[in-house]
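Here's the structure, in structure tokens; my notes come after.
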Amino acid sequence: MKATKRPIHAVATWVQRQPPKIKAFLAVISGMAALVFLRMVVHDHDNLFVAAEAVHAIGISVLIYKLMKEKTCAGLSLKSQELTAIFLAVRLYCSVVMEYDIHTLLDSATLLTTLWVIYMIRFKLRSSYMDDKDNFAIYYVLIPCAVLSLLIHPTTPHNLINRICWAFCVFLEAVSVLPQLRVMQNTKIVEPFTAHYVFALGVARFLSCAHWVLQVLDTRGRLLTALGYGLWPPMVLLSEIVQTFILADFCYYYVKSLFGGQLVLRLPSGVVIEEVVDASLPQQMDCDGACAARCQLSSRPHLCKRVVRVVPVATAFLRELPVTMMHVPATPT
42 MKATKRPIHA VATWVQRQPP KIKAFLAVIS GMAALVFLRM VVHDHDNLFV AAEAVHAIGI
102 SVLIYKLMKE KTCAGLSLKS QELTAIFLAV RLYCSVVMEY DIHTLLDSAT LLTTLWVIYM
162 IRFKLRSSYM DDKDNFAIYY VLIPCAVLSL LIHPTTPHNL INRICWAFCV FLEAVSVLPQ
222 LRVMQNTKIV EPFTAHYVFA LGVARFLSCA HWVLQVLDTR GRLLTALGYG LWPPMVLLSE
282 IVQTFILADF CYYYVKSLFG GQLVLRLPSG VVIEEVVDAS LPQQMDCDGA CAARCQLSSR
342 PHLCKRVVRV VPVATAFLRE LPVTMMHVPA TPT
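The sequence shown begins at 42 in this note's numbering and counts up one residue at a time.
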């Protein structure tokens, strides 16, 4: 396994050293290669959309496991969950009145689990919620999405209100993860369960984007005309691409960390953090007043009882780490 990790790590390190334009080019090439692969192995491309919903449900299941096992919601964005619930509720309504199918059932299950997560964060685990870190103003996305849906929406024969609602949920879904990314930027630490959840969102959104792109290719563009005319068809594709690229950087470093055997994440702000849990070192971590980091690493809010070891990495990114961490001997409990 280590022999497999070495070439992957070498490739990842080489990519990391490339200038932004080269990275963007490599990302596009990788995306195109993935689309070609999916087109070859998946014959019914509607299954990609179902797979996207299933992966999203798996991500929600990871959150449920975290909330039930760790008894803390530290590191999670309530606002991101609320935006997710909003677009799921609107999409469920549109699905019921416009096209009742398996997507309706999948959206129903995902909405119910998302509402449960919101309930747990708001009431049961409120003491561990990082309210000061979850500071993304959601009206920055709600208002633009609402205005955009009034201006650009499907031109199908359906009721105008339903068409506007459908456009609104498409646009909102594309940016609903932004509050979660803001929380990760603010805390400077990505707890493993949260990382798994965000990665699942990235995979789900790539599969959804692949579904639309391959459908357009298979129909030779006829799908775009079926969606209507004007700006709506290209805006659908643009929304799918935007929500994929928003999480592309995070997913890259997530995969790299998995093959490296450690959780090393570079957030969009350029911060790299490496956390290794080592039960052989009976140490307690003093976060020097950084309550967000302390809550993130503890199964009990505000109590640094989890055994951890923070391993410094000799990279330029780690030199930018603004959080001060210090090891002190564990005190008997």
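Quick reminder that beta carbons are idealized off the backbone N, C-alpha and C, glycines included.
This one's a predicted model, so the numbers in the text were calculated from it and none came from an experiment.
- By a beta-carbon distance limit of 8 Å, D172 does not contact S118. Their separation comes to about 11 Å.
- Separation of R132 and S217 (C-alpha to C-alpha, rounded to the nearest whole angstrom) is 14 Å.
- In the three-state DSSP reduction, L219 falls in the helix class (H, G or I).
- Taking C-alpha positions only, A115 is separated from L288 by approximately 20 Å.
- Between the alpha carbons of L278 and V254 lies a distance of about 7 Å.
- For the pair of segments examined, the region 241-256 was found not to touch the region 187-200: the number of CB pairs separated by less than 8 Å stays below three.
- A Cβ-Cβ contact shorter than 7 Å links S121 with Q221.
- Within the same chain, Cβ atoms closer than 7 Å to the Cβ of T285 are found at R246, F247 and C250, the five residues on either side in sequence being excluded.
- The alpha-carbon of F240 is positioned some 12 Å away from that of L299.
- For C114, the three-state secondary structure derived from DSSP is coil.
- Ranked by Cα distance from V211, the first of N227, R223, M225 and H194 is H194.
- Around the beta-carbon of P275, fewer than 16 other beta-carbon atoms lie within 10 Å, marking it exposed.
- Fewer than three pairs of CB atoms, one per stretch, sit closer than 8 Å, so the region 229-239 makes no contact with the region 180-188.
- By a beta-carbon distance limit of 8 Å, I179 contacts L124. Their separation comes to about 6 Å.
- M225 counts as buried, since no fewer than 16 other beta carbons sit within 10 angstroms of its beta carbon.
- In this chain, the alpha helix (DSSP H) harbouring I159 covers I143 to Y160.
- In the displayed model, L166 falls within coil according to three-state DSSP, outside both helix and strand.
- Between M139 and V158, the alpha-carbon positions lie close to 28 Å from each other.
- In terms of CA proximity to Y181, L219 leads the group L166, F164 and L219.
- Within its own chain, the residues whose Cβ lies closer than 8 Å to the Cβ of H97, once the five positions on either side in sequence are excluded, are T151, A241, L242 and A245, listed in chain order.
- In this structure, the beta-carbon distance from T228 to S169 does not fall below 7 Å.
- For T125, the enclosing alpha helix (DSSP H) has its first and last residue at L119 to M139.
- T155 is a Cβ neighbour of A126, given a cutoff of 7 Å.
- In the three-state reduction of the DSSP assignment, I193 falls in the coil class, being assigned neither a helical nor a strand state.
- Counting along the chain, L272 sits inside no alpha helix (DSSP H), nor does DSSP assign it H or E at all.
- Y238 places its beta carbon less than 7 Å from that of L104.
- Distances from the alpha-carbon of C135 to those of E94, F164 and N203 put N203 closest.
- Going by DSSP, P198 is part of no alpha helix (DSSP H) at all; its letter is neither H nor E.
- A residue is called buried when at least 16 other Cβ atoms come within 10 angstroms of its Cβ; M81 does not meet this threshold and is exposed.
- The beta carbons of L147 and E94 sit about 4 Å from each other, so the pair counts as a contact at 8 Å.
- Spanning the alpha carbons of K110 and V257 requires a straight line of approximately 43 Å.
- Within a 10 Å sphere around the beta-carbon of F128 sit 16 or more other beta-carbons, which makes this residue buried.
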